[in-house]
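Enquirer: Before I ask anything, here is the structure I am working with.
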Amino acid sequence: MRFREDVTRFLETAPRPAGLHDYGPTPSHGDVRAGRDWQATLAEHGYACLHWPAEHGGPDASVADQAAFAEECARAGVPRQLSMVGPDLVGPVLMRFGTPAQQQRHLARIRDGRDLWCQLFSEPGAGSDLAAVATRAVERPDGSWQVRGQKVWTSAADSADLGILLARSGGPGPGGLSAFVVPMRSPGVTVRPLRQMDGESKFNEVFLDDVVLGADQVIGTPGAGWAVAKATLGRERLSLGANAVGMFESIVELETAAAAHGRLDDALRDQIVEAWIRVWLMRVTWERAIEEGTDPSGSTFSVLKLLTSETYRDIADLGIAALGPAALEEEQPLVKRMLVGHAQTILGGTSEIQRTILAERILGLPRAPR
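If you use the UniProt record's numbering, the sequence shown corresponds to residues 1 to 370, in order.
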């Protein structure tokens, strides 16, 4: 409780860079400058990389405190960090698999916002199925690596300083994958932003045309890429409960909009009440998991991921009912939420994958035919 109160006071008094807003887990190109400054402020006051151990410059905060911080940032309308990828994914991976030189080179720069990272995992033919990654890394006689391939849906690639890359260095399947650090301004790296239907361009295509990486840019050992990839999954789920803040705000917005457009009838009111109940159930389930010390990368957090994604989608769809024909007007504040709502059931692990995990690992049902 004391930690949450300290966080609230800090967020009320901390200087905010011009243009800072809660842009979510990844900044758009225009958010990066403010995001870097905000990350530096968080680091200065001990609120950066809360889950990092003290030996790597973090406060080693409890899971409950991490979750409270995420929720209070959502209430204050600010991001909890520059980006999810560096602090939540790359940092812990380097602590576990990286060499001392890699840790010394990268961790402090992640913590204080000097370096922004992106995640070079998904490909046109390997989105949800990372074991099918086809980007090729070939070891050269001098120990360096030559990489060729294409990545897609890479958040913040157009602004990132570095990327964590999953590439095929051996045969088919998970055992043939390796992980690398890629300086995003290396010769042969081309980034093409993808314009989304909500008007933003957070996603990018990345082309790797014979990019040369040094032997010291391998994370772990060659062939350990699948272990590295698995270690990056699940960390973002600590902040799932913070999504409830934005969902409650969305429900209030759509109720107000429906009343203003004369569309708040009994049927829509019942749907709004149901959505409100679902958000409270999601938040309570999240709090219970945090109190029980559940591992965020474990199977049980798939319940929360599935519940959060589909509740977000359904609330977004209610915006259509609330606005009616006015939903065609792009300046409507609910339209953006409506456009991105269905993406929540895809990013971070599709709902289909979450259901498979729940069926096989929690309910013990037979594995689906491969």
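Don't be surprised by glycine CBs; every beta carbon is placed ideally from N, CA and C.
#1: For Arg111, count the other beta carbons within 10 Å of its own beta carbon; 16 or more makes it buried, fewer makes it exposed. Which is it?
#2: Assign Ile357 to buried or exposed, taking buried as 16 or more other Cβ atoms, counted over all protein chains shown, within 10 Å of its Cβ.
#3: Report yes if the C-beta distance between Ala224 and Ser178 is below 8 Å; otherwise report no.
#4: Does the segment 206–223 come within contact of the segment 73–85, defined as at least 3 CB pairs closer than 8 Å?
#5: Please confirm if Arg75 has its CB atom under 8 Å from at least one CB of chain C.
#6: Which term fits Met84, buried or exposed, when burial requires 16 or more other beta carbons within 10 angstroms of its beta carbon?
#7: Grab me the residues of Asp60's own chain with a C-beta within less than 6 Å of its C-beta, minus the 5 sequence neighbours each way, in chain order.
#8: Can you give me the C-alpha to C-alpha distance between His21 and Val212, rounded to a whole angstrom?
#9: Leaving out the 5 sequence neighbours to the left and right, which residues in its chain are closer than 8 Å to Phe10 when beta-carbon positions are compared?
#10: Hey, Pro222 and Ser302 are a contact pair by Cβ (cut 8 Å); roughly how many whole angstroms apart?
#11: Buried or exposed: where does Lys230 fall if 16 or more other Cβ atoms within 10 Å of its Cβ makes it buried?
#12: Report buried or exposed for Ile277, applying the criterion of at least 16 other Cβ atoms within 10 angstroms of its Cβ.
#13: So the candidates are Glu5, Thr232 and Leu82; which of them puts its Cα closest to the Cα of Ser28?
#14: For Arg16, which of helix, strand or coil comes out of DSSP?
#15: With a cut-off of 8 Å, do at least 3 Cβ pairs link the segment 91–110 to the segment 186–198?
#16: What's the call for Gln39, buried or exposed, on a 16-neighbour Cβ count within 10 Å?
#17: To the nearest angstrom, how far is it from the Cα of Ile251 to the Cα of Gly324?
#18: Quick test of your reading: Ile290 and Val63, contact by CB under 8 Å. State the CB separation rounded to the nearest angstrom.
#19: Where do the N-terminal and C-terminal ends of the beta strand (DSSP E) with Gly225 fall, by residue?
#20: Does the distance from the CB of Leu162 to the CB of Val182 come in under 8 Å?
#21: Give me the DSSP bridge partner(s) of Leu194.
#22: Among Ala157, Gly173 and Phe180, which has the Cα closest to the Cα of Pro193?
#23: Where does the unbroken beta strand (DSSP E) through Phe180 begin, and where does it stop?
#24: What's the call for Trp280, buried or exposed, on a 16-neighbour Cβ count within 10 Å?
#25: Output needed for Trp145: all residues of its chain with C-beta closer than 6 Å, excluding positions within five of it in sequence on either side, in chain order.
#26: Are the Cβ atoms of Phe203 and Ser159 separated by less than 8 Å?
#27: With which residues is Ile219 paired in a DSSP beta bridge?
Expert: In short:
#1: Residue numbering aside, residue 111 sits at position 111 when the sequence shown is read from its first letter. That one is buried.
#2: The residue labelled residue 357 in the question sits at position 357 within the sequence shown. It counts as buried.
#3: One-based indexing of the sequence shown puts residue 224 at position 224. One-based indexing of the sequence shown puts residue 178 at position 178. Contact flag set, yes.
#4: In short, these stretches do not touch, since the Cβ pair count stays below three.
#5: No chain C is present in this structure, which holds just one protein chain.
#6: By one-based count along the sequence shown, residue 84 stands at place 84. Per the 10 Å Cβ criterion, buried.
#7: Position 60 of the sequence shown, counted from the first residue, corresponds to residue 60. Here Asp60 has Pro53 and Ala54 as same chain residues with Cβ atoms under 6 Å from its own Cβ, once five neighbours each way along the sequence are excluded.
#8: The count along the sequence shown starts at 1 and reaches residue 21 at position 21. The count along the sequence shown starts at 1 and reaches residue 212 at position 212. Their Cα atoms are separated by approximately 37 Å.
#9: Taking the sequence shown and counting its residues from 1, the one referred to as residue 10 is at position 10. Correct list, in chain order: His45 and Tyr47.
#10: The sequence position of residue 222 within the sequence shown is 222, counting from 1. The sequence position of residue 302 within the sequence shown is 302, counting from 1. The Cβ separation is near 31 Å, so there is no contact.
#11: Counting from 1 along the sequence shown, the entry for residue 230 is found at position 230. Lys230 should be labelled exposed.
#12: Here residue 277 refers to the residue found at position 277 when the sequence shown is read from its first residue. Exposed, since its Cβ has fewer than 16 Cβ neighbours within 10 Å.
#13: Counted from its first residue, the sequence shown places residue 28 at position 28. Measuring from the Cα of Ser28, the nearest candidate turns out to be Leu82.
#14: To locate residue 16, count along the sequence shown from 1; it is residue 16. Correct three-state label for Arg16: coil.
#15: no
#16: Translated into positions along the sequence shown, residue 39 becomes position 39. Counting Cβ neighbours within 10 Å, Gln39 comes out buried, since at least 16 surround it.
#17: In the sequence shown, the residue the question calls residue 251 occupies position 251. In the sequence shown, the residue the question calls residue 324 occupies position 324. Gly324 has its alpha-carbon roughly 16 Å from the corresponding atom of Ile251.
#18: As a first step, residue 290 is located in the sequence shown; it is residue number 290 there, counting from the start. As a first step, residue 63 is located in the sequence shown; it is residue number 63 there, counting from the start. Confirmed, about 6 Å.
#19: Start at 1 with the first residue of the sequence shown, and residue 225 comes out as number 225. From DSSP, Gly225 is part of no beta strand (DSSP E) but of the alpha helix (DSSP H) over Gly225 to Thr232.
#20: Stepping through the sequence shown from its first residue, residue 162 is reached at position 162. Stepping through the sequence shown from its first residue, residue 182 is reached at position 182. Yes, they are a contact pair.
#21: By 1-based counting over the sequence shown, the position of residue 194 is 194. Looking at the DSSP assignment, Leu194 forms a beta bridge with Phe203.
#22: By 1-based counting over the sequence shown, the position of residue 193 is 193. Checking every option, the nearest Cα to that of Pro193 belongs to Ala157.
#23: The residue given as residue 180 occupies position 180 in the sequence shown. It spans Leu177 to Pro183 - the beta strand (DSSP E) in which Phe180 sits, taken as one unbroken run.
#24: As a first step, residue 280 must be located in the sequence shown, where it is residue number 280. Exposed.
#25: One-based indexing of the sequence shown puts residue 145 at position 145. Hits under 6 Å: Ala137, Glu139 and Leu213.
#26: Here residue 203 refers to the residue found at position 203 of the sequence shown. Here residue 159 refers to the residue found at position 159 of the sequence shown. Not closer than 8 Å, so no.
#27: For the purposes of this step, residue 219 is taken as the residue at position 219 of the sequence shown. Ile219 is bridged to Ala179.
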